[in-house]
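Below is one structure, written out as structure tokens; the observations come after it.
Residue numbers (our numbering): 563 to 692.
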């Protein structure tokens, strides 16, 4: 399976398509899309709130669940926050995840071929995959 890059319109491979979909999932609020109101992660609402350990744990859990539900080609194995404590409290941090890639996960095949690190740059303006 391949896809199209949303910025350059170039053809991308299966893994790049799965990584790109994470950015779409996490930047979409629930009920934001007219035809697919059930799609999204609603993590933008948490940004800008005072960063406390419980809120950060909730954010990490929502990200992992959203990826598990909407992107069957990836499975989050581990996630860690990076950033200065004051930046995290302002809602600006990096979330590094170890994800397992399942190239045929969208077809129901749970076979994992590789694991790789993925970094999300989170700020008040949104989520970006680095």
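Think of the CB as a built atom: it goes at the ideal place given N, C-alpha and C, for glycine as much as any other residue. Since the structure is predicted, the reported quantities are computational estimates derived from the model, not experimental observations.
The continuous beta strand (DSSP E) containing residue 661 extends over residues 655 to 663. In the structure shown, residue 582 adopts helical secondary structure according to DSSP, grouped into three states. Residue 675 sits away from residue 581, with the two beta carbons spaced by 8 Å or more. Within its own chain, the residues whose Cβ lies closer than 6 Å to the Cβ of residue 667, once the five positions on either side in sequence are excluded, are 634, 635, listed in chain order. Going by C-alpha positions, residue 673 is about 34 Å away from residue 615.
The three-state reading of DSSP puts residue 692 in coil, since its state is none of H, G, I, E or B. About 28 Å separates the beta carbon of residue 622 from that of residue 669, a gap too long to meet the 8 Å contact definition. The Cβ neighbour count for residue 655, taken over all protein chains shown within 10 Å, is at least 16; the residue is labelled buried.
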